[in-house]
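Numbering (mature numbering (1 follows the signal peptide of the UniProt record, and there is no 0)), first residue to last: -20 to -1, 1 to 905.
Each residue gets a CB set at the ideal place from its N, CA and C atoms; glycine is no exception.
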């Protein structure tokens, strides 16, 4: 079952979220064969003359070579291209479906690395320096790794990258530094005619579509690049912008539309006189109510800088826009951010949006950095390495106020840094609750004195997985949990409480996951309560513990207090992830993420929780934009039966709203597959030993019963003539086959194929298991011998009846009916397997040989299990031989064989197959 659940949809769901296997900079590998001979300087001088004529004289510098390499090189910048029908390169988007739910927009990345600097060339002007470098420019969705160092164009599904080798001049002007370069590469499209008439233009541009598969290696040496590094900017930022264009005529097939490049190398520390007065612009605080409710951590300057840097490059979630008109509204602008190529229209939930802070410089109370909005499908590590400035970036600077715990900043949008009409506020909540799950919370809104009004954009760094941030040191030192729904949870518990007697039986007979200290001083309940598995082949469920009592799960020192209580407060996060092509079940998208808090009763393994969820639009009774009229019950299976029945959990989600309410939903009930169990290996070994002892015990019961009946047969053997020889023969033949083939005796261990592939190592118990196995086989031989003795007695009894002139039982009809029963049962099994294969076709295995092998495996299994049907002939005989005498001794013999067989049958249908809990590491929520 475990392998079946991890189906194609699961892989498709997880892999796009974690497919950026490398976070290296986007650039071609080093090509040591590249020669820097500067053979085109005369040609370059001609094209760069307008810049050279206004260049300033260069100042001498002992470290100018290494300094310029660092100052001029940049990585992971952005680029855009004019759209006039001549794209720079093709792009193969066959790496993923075009379905709206799964399509991830590609990113356009560009890197420039200076490889050589020379001031000795005789052809360069005196106020310039000759430089050469490599520009790596491309479109990618799933990787930044380019593996071919000697190719100038690299393409695979989901990624295209073009390498351009440049050489030219570095010079300085009053406005800043500048490089003017001429480069060569390869033409990355299909070959087109070198000569054509105007009528051929349409077919030419059709060839230059972004989905061509094959490119040709043609010289492409008329590529002109100008990169500008302004000395000053309105925001003290080391900004880079440039343009790459083709020097070919528009009619030439090598021509491409102009490419615009942006990047930055960081932000300078701002002087206090550059900062905008807080009192002038921050007279209104949209976070005021939240700060009063949550409390605020008021760090000193050194603490603040340390903590702010800790949360750099983390993925901040954008809160839903509840003010957006209409139930299904879409937006092409989120606050000041203008959505474009990488992020298309987003709905009011903003689930596809993330914000991160990068390039943070924090000195005393002064802060500067960049806020970057990016699609949730992009890995935050990759987003943090990007350096381009666009309509999705805010360059910010401001002041931390330790007296009120508020960071106030001014933001400038885009690459020009001219539009500085945005304010950004951040604070650090002091307490968590069901309505507040952020370690950092902030807002972005327009300045009061500026035009272009928009509703504030709220964003926060959610603590989704407890202890993620620096092993939980921050939550332990600066956060407490505030349980605001305890009264509702108690009311919920009292309303669904089981009868007293049933609760007493539960507490007396069964044990459930409890918070208790282990020998190693740790508390394993945290993982015992974690749910990380499927509830069906189309639905994945994850439940994570956030806190016990008032402390977070990482603060073990305070668990002693909670462990003394039978019922204690608990908070959790619940996530439901569904197959995008889900068809067999109703959708749970409306409760895909729930914040939970309430009570856990250790004595019965039940949780009584109140849940909150994010909603799409405003409502009269929302709490900070959340619907909190939800009750969630979680029930864990008992611990002391997990050796027999795999641990699972039942989850019930109910809405407390009226059916007419737009946020009401039907009750959801989920039964999970196997969940984590810290004693799983011990339970598996215990079952192995138990089944060994059970086999010995049952065989001893059979042998004792046979010996007792044989003792009774000495007094009178006539009633035993009606014991079926076919029954006795099935016992002897069945167990003979088992002994010859070395199969397990009496019943086969129930294990999934997933477990069989990687079973636990039982070497420390191998001796005991071997002794039990040898003893079992010896006892089977004894039972077979006794069955043969009983067969001899039965024949003697029948001979005695015959001598008395009475009719003797005939086995012929019994054998025919037993064979018919056996064949019917076998055919039913074949039909059942056939239906399953029809409903679940196996790709590549639906061949004649496969079906023949399946039938032979099924037949072999039933032959090995012949002894399981040994009572069938006797049951048939009881109905066929109706003229048999009503003797209590015959019934006693049959019942003595039937009762242990019934015990064995009950055990086999009760136990679950030994399995491993499904472990999923790559899911990103």
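Rounded to whole angstroms, what's the CA-CA distance from residue i to residue j? Just pull it up for me.
| i | j | result |
| --- | --- | --- |
| residue 455 | residue 589 | 22 Å |
| residue 793 | residue 855 | 13 Å |
| residue 817 | residue 556 | 29 Å |
| residue 226 | residue 64 | 13 Å |
| residue 809 | residue 888 | 18 Å |
| residue 369 | residue 21 | 31 Å |
| residue 610 | residue 457 | 31 Å |
| residue 471 | residue 579 | 11 Å |
| residue 778 | residue 886 | 35 Å |
| residue 144 | residue 43 | 27 Å |
| residue 871 | residue 814 | 40 Å |
| residue 367 | residue 565 | 44 Å |
| residue 732 | residue 476 | 36 Å |
| residue 674 | residue 75 | 55 Å |
| residue 662 | residue 742 | 10 Å |
I'd like to know whether the C-beta atoms of residue i and residue j end up nearer to each other than 7 Å.
| i | j | result |
| --- | --- | --- |
| residue 521 | residue 402 | no |
| residue 492 | residue 618 | yes |
| residue 894 | residue 664 | yes |
| residue 896 | residue 745 | no |
| residue 316 | residue 336 | no |
| residue 681 | residue 756 | no |
| residue 891 | residue 699 | no |
| residue 529 | residue 410 | no |
| residue 669 | residue 850 | no |
| residue 107 | residue 38 | yes |
| residue 318 | residue 243 | no |
| residue 92 | residue 113 | yes |
| residue 105 | residue 220 | no |
| residue 267 | residue 405 | yes |
| residue 594 | residue 300 | yes |
| residue 233 | residue 140 | no |
| residue 603 | residue 465 | no |
Less than 6 Å between C-beta atoms, sequence neighbours within five positions excluded: which residues of the same chain meet that for residue i?
| i | result |
| --- | --- |
| residue 365 | 56 |
| residue 857 | 704 and 794 |
| residue 281 | 344 and 345 |
| residue 861 | 702 and 789 |
| residue 34 | 153 |
| residue 356 | 332 and 334 |
| residue 224 | 205 and 239 |
Taking DSSP's pairing of strands, which residues face residue i in a bridge?
| i | result |
| --- | --- |
| residue 592 | 575 |
| residue 342 | 347 |
| residue 650 | 631 |
| residue 318 | 313 |
| residue 807 | BP columns for residue 807 are empty, so no partner. |
| residue 297 | 334 and 440 |
| residue 558 | 519 |
| residue 160 | 149 and 206 |
| residue 111 | 97 and 148 |
| residue 87 | 120 |
If residue i sits next to residue j, beta carbons under 8 Å apart, how far is it from one beta carbon to the other, in whole angstroms?
| i | j | result |
| --- | --- | --- |
| residue 163 | residue 203 | 4 Å |
| residue 148 | residue 28 | 7 Å |
| residue 168 | residue 69 | 5 Å |
| residue 116 | residue 90 | 7 Å |
| residue 293 | residue 338 | 6 Å |
| residue 596 | residue 329 | 6 Å |
| residue 156 | residue 230 | Not really, about 31 Å apart at Cβ, beyond 8 Å. |
Using a Cβ-Cβ cutoff of less than 8 Å, which residues in the same chain neighbour residue i once the five nearest sequence positions on both sides are dropped?
| i | result |
| --- | --- |
| residue 48 | 94, 97, 109, 111 and 150 |
| residue 130 | 11 and 13 |
| residue 784 | none |
| residue 659 | 619 and 622 |
| residue 763 | 679, 682, 683, 686, 711 and 715 |
| residue 636 | 609, 610 and 611 |
Enumerate in chain order the residues of its own chain whose CB-to-CB distance from residue i is below 7 Å, with the five nearest sequence positions on each side excluded.
| i | result |
| --- | --- |
| residue 708 | 767, 770 and 771 |
| residue 801 | 852 |
Comparing the CB of residue i with every heavy atom of the ligand GDP, is any distance shorter than 6 Å?
| i | result |
| --- | --- |
| residue 716 | Ligands displayed in this structure: none; no statement on the ligand GDP is therefore possible. |
Return no unless some Cβ of chain B is closer than 7 Å to the Cβ of residue i.
| i | result |
| --- | --- |
| residue 700 | You won't find chain B in this structure, because it holds only one protein chain. |
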